[in-house]
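Undergrad:
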Amino acid sequence: VAGESGRITLRQLPAISVAFGDKREMRAEIVGVDPTTDLALLKVNARDLATMPWGDSSQLKVAQWVLAIGNPFQLNQTVTLGIVSALGRTSLGISGYEDFIQTDAAINPGNSGGALVTLGGELLGINTAIYSQSGGNIGIGFAIPIKMANQVMEQLVQFGEVKRGYLGAEMQNLDPELAAAFGIEG
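If you read the sequence shown in our numbering, its first letter stands for residue 256, the second for the next number, and so on.
(1) Let me confirm a value: Lys439 is counted as buried when at least 16 other C-beta atoms fall within 10 Å, else exposed. Which label applies?
(2) Buried or exposed: Glu409, going by 16 or more other Cβ atoms within 10 Å of its Cβ?
(3) Can you name the start and end residues of the alpha helix (DSSP H) that Glu409 belongs to?
(4) Since Gln357 and Phe397 should fall inside the 8 Å C-beta cutoff, what is the C-beta to C-beta distance between them, to a whole number of angstroms?
(5) Given this structure, state the Cα-to-Cα distance separating Thr292 from Asp359, to the nearest angstrom.
(6) With distances taken from CA atoms, which of Thr335, Ala305, Gly310 is nearest Met403?
(7) Excluding five sequence neighbours on each side, which residues of the same chain lie with their C-beta closer than 8 Å to the C-beta of Val334?
(8) Compute the Euclidean distance between the alpha carbons of Pro400 and Gly380, then round it to the nearest angstrom.
(9) The beta strand (DSSP E) that contains Ala323, what's its start and end?
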């Protein structure tokens, strides 16, 4: 929910609760949100929570096996298997800063916010979107690399928001039509 300035304020966000695999449900505090990457940082007051080791998303390779974990269609703790189809996907129009991991592991509505992990259980990314003309999985899903998610998290902890520099320029591929318009040959 955006305020009049277009920025999200924490007061405008709904109450959030977190459901755990052992059937506990706890109220979560919203530490911060980053609408540009569609990420939020939550805090729960709980002890003895299981943790997941973080992997290094910059070491991912195309064709590497991954698991997508989520809650599609409210089917709790669903795990699907696939491969990394591509890295560094941009210009999809999903978020303001794009550098997605593309996977064919089934990601469906409800998987957003779930984990993309190695077969060894290391967190590689946060499932965020699918490409679909029907609304269901067709084998093209996207996750935010954990390296980017970690940078967002660190800024949300430190500042309560993500601060980014902005140059005011946007990169674009030079296609034949643009080349002709600018009089560029070759």
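Note that the Cβ used here is the ideal one computed from N, Cα and C, for glycine as well.
TA: Inspection of the coordinates gives the following:
(1) The sequence shown places Ile at residue 439, rather than the Lys named in the question. Under this definition Ile439 is an exposed residue.
(2) Classification for Glu409: exposed.
(3) Boundaries of the alpha helix (DSSP H) harbouring Glu409: 401 to 414, taken from the DSSP string.
(4) Contact check for Gln357 and Phe397: beta-carbon distance about 6 Å, within the 8 Å limit, so the pair qualifies.
(5) 21 Å
(6) Proximity to Met403 across Thr335, Ala305, Gly310 peaks at Gly310, based on C-alpha coordinates.
(7) Leu322, Ala323, Ile324
(8) The straight-line gap from Cα to Cα measures roughly 4 Å.
(9) 320 to 325
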